[in-house]
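Have a look at the structure below before the remarks.
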Amino acid sequence: MSGHVVPVKTYLGIFVALLALTALTTVVAFVDFDTLHTGIHLIDVIPLNTVVALAIAVAKMLLVILFFMHVKYSSGLTKVVVMSGFLFLAILVSLTLADELTRHWSPEPGAWNTVVPTILPLLRGLF
Amino acid sequence: MSEVPVSEMAMHGAHPPGFKHQFEDMDQQREAGSLGMWVFLVTEIMFFGGLFATYIIYRTLYLTAFEEGSRLLNVKFGAANTAVLIGSSLTMALAIHAAQAGKKKSEQVMYLVLTMILGAIFLFLKFNYEWRADYHEHLIPGFGFIIRPEWGAAGTHVPLFFCFYFFMTGLHATHMIIGFGILGTLTVMADRGRFNSEYYAPLEVSGLYWHFVDIVWIFLFPLLYLIGGRFAISGVN
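Line by line, the protein sequences are chains B and F.
Offset between the first sequence (1-based) and my numbering: plus 7.
Offset between the second sequence (1-based) and my numbering: plus 5.
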């Protein structure tokens, strides 16, 4: 046996789908979704253009991985390894953002520059 | 004198060329090869992932500057190059298919050469049109970057966007240039008739690499070119 042979028709179909998604994401980038004003608060505050662009990119990525890279026809072990890559990427991005985006939630300790000069003479006295 | 026992030399005639003795059969060998390549690609995901994560953070910090920078990129070339690279992924997949289906070696060579030609078109458009125009418009940090007054207060951080742009597209282009070396080697191997329906591991594994490079661009295109508020100045670029 020579592994799973994907028919040429499937490759051509995926190719056409990828081209169509590329055209779609390019056209949609010039449409301002933020002026839609649905009245639903959550939708109105989300940067929809970014969400749509990335959703299309993920769809394209899945088509390439599953069919061009034959992961759909691979063993469970290979699938787990592939998913682990994206799991660790998600951890990298989400935990870093969890730090960066929440820093202003708590007030900055602004008193150090007034506290230190009063403590320093005391510390010097110790040594 | 050879160290190989006579019995093992006799075994060589009984299995397809390219079969390694540590494996049970060709299917297991293929599976192990793909798995090993995917482990490497996971490290590549994290390699590019560090850049993507940093890009996301700085974009949230200096959103206005990043959108100003993004609008200066040429969407036409970005979209055209995406299509070209998807085309090269198709021809790469077809080259593997040609070997799998036991087609003539000339067909494998043709698809591999087509893949290289499409890759070359990508780099030609990128370097000769996009990067060259950026240089003439003084948009390359470190090579006479000029901060424009129309950017306003955000202007000081626009070079940061272009640092990301050149580093990310440059790293991607470096991967493609490495890919040319791999594809060139494969073309010679295919021409010598090394691949058949039983043994095509080098094609399969290199294909995984080439498709991965395609996926990186699939994300670079929207992140760099598209999500910069294009609608604000419709008709330009």
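For each residue, glycine too, the CB sits at the ideal point set by N, CA and C.
Note that the structure is a prediction, hence the values are computed from the model and not measured.
- By the Cβ test, the stretch 101-121 of chain F is not in contact with the stretch 68-83 of chain F, since fewer than three Cβ pairs between them sit closer than 8 Å.
- For the pair His216 of chain F and Ser75 of chain F, the CB atoms are not nearer than the 8 Å cut-off.
- In this chain, the alpha helix (DSSP H) harbouring His180 of chain F covers 163-196.
- Each residue's CA atom was taken as its position, placing Ala37 of chain F and Gly160 of chain F some 51 Å apart.
- With contacts defined as CB atoms closer than 8 Å, Ser211 of chain F and Ile187 of chain F qualify as a contacting pair.
- When CB distances to chain F are screened at a threshold of 9 Å, the residues of the stretch 83-96 of chain B falling below it are Leu84, Thr85, Val88, Val89, Ser91, Gly92, Phe93, Phe95, Leu96, in chain order.
- Identification of chain B residues near Ser94 of chain F by a Cβ-Cβ cut-off of 7 Å yields Val71, Phe75, ordered along the chain.
- Against chain B, the CB of His216 of chain F has a partner CB under 8 Å away; the residue lies at that interface.
- Shown here, Ala159 of chain F sits in a helix according to DSSP, grouped into three states.
- Distance check between Met97 of chain F and each of F:Val114, F:Arg199, F:Arg137 places F:Val114 closest, using alpha-carbon atoms only.
- Identification of chain B residues near Glu36 of chain F by a Cβ-Cβ cut-off of 9 Å yields Gly10, Ser81, Ser82, Leu84, Thr85, ordered along the chain.
- Lys131 of chain F is not a Cβ neighbour of Asn79 of chain F, given a cutoff of 8 Å.
- The C-beta of Ser39 of chain F has 16 or more other C-beta atoms within 10 Å across all chains shown, which makes the residue buried.
- Cβ contact annotation for Leu46 of chain F (same chain, cutoff 6 Å, sequence separation greater than five): Phe217, in chain order.
- Its chain contains Ala60, Ile63 as the residues whose beta carbon lies nearer than 6 Å to that of Thr32 of chain B, once the 5 sequence neighbours on both sides are disregarded; these appear in chain order.
- For Ala24 of chain B, the closest C-alpha among the options F:Gly92, F:Thr48, F:Tyr205 is that of F:Gly92.
- Cα atoms of Phe129 of chain F and Arg110 of chain B: separation of roughly 43 Å, rounded to the nearest angstrom.
- Separation of Val44 of chain F and Trp222 of chain F (C-alpha to C-alpha, rounded to the nearest whole angstrom) is 20 Å.
- Judged by beta-carbon spacing, Phe150 of chain F lies beyond the 8 Å limit of His141 of chain F, meaning their Cβ atoms are not closer than that value.
- Here Gly124 of chain F is buried. Its C-beta has 16 or more other C-beta atoms within 10 Å.
- Under the Cβ criterion (8 Å, minimum of three pairs), the stretch 98-105 of chain B counts as touching the stretch 45-64 of chain F.
- Judged by beta-carbon spacing, Lys67 of chain B lies within the 8 Å limit of Leu28 of chain B, meaning their Cβ atoms are closer than that value.
- Under the 8 Å criterion on CB atoms, Gly184 of chain F is classed as non-interfacial with respect to chain B.
- Here Pro227 of chain F is buried: its Cβ has 16 or more other Cβ atoms, across all protein chains shown, within 10 Å.
- Interface flag for Leu77 of chain F against chain B is unset, since no Cβ pair is found closer than 8 Å.
- In this model, Phe236 of chain F and Thr57 of chain B are separated by some 13 Å (Cα to Cα).
- With a threshold of 16 other beta carbon atoms within 10 Å, Glu155 of chain F falls short and is exposed.
- Comparing alpha-carbon positions, the option among F:Phe82, F:Ser202, F:Val118, F:Ile50 lying closest to Met31 of chain F turns out to be F:Ser202.
- Non-local C-beta neighbours of Ala195 of chain F in its own chain, meaning closer than 7 Å and more than five positions away in sequence, comprise Lys110, Gln113, Val114, Leu117, ordered along the chain.
- Rounded to whole angstroms, the separation of the alpha carbons of Leu119 of chain F and Phe148 of chain F is 35 Å.
- Cα atoms of Trp136 of chain F and Pro146 of chain F: separation of roughly 12 Å, rounded to the nearest angstrom.
- Asp219 of chain F places its beta carbon 8 Å or farther from that of Leu66 of chain F.
- Beta-carbon to beta-carbon, Leu213 of chain F and Ala36 of chain B are separated by about 30 Å, too far to satisfy the 8 Å threshold.
- Annotation: Cβ neighbours of Lys67 of chain B in chain F (cutoff 7 Å, chain order): Ile223.
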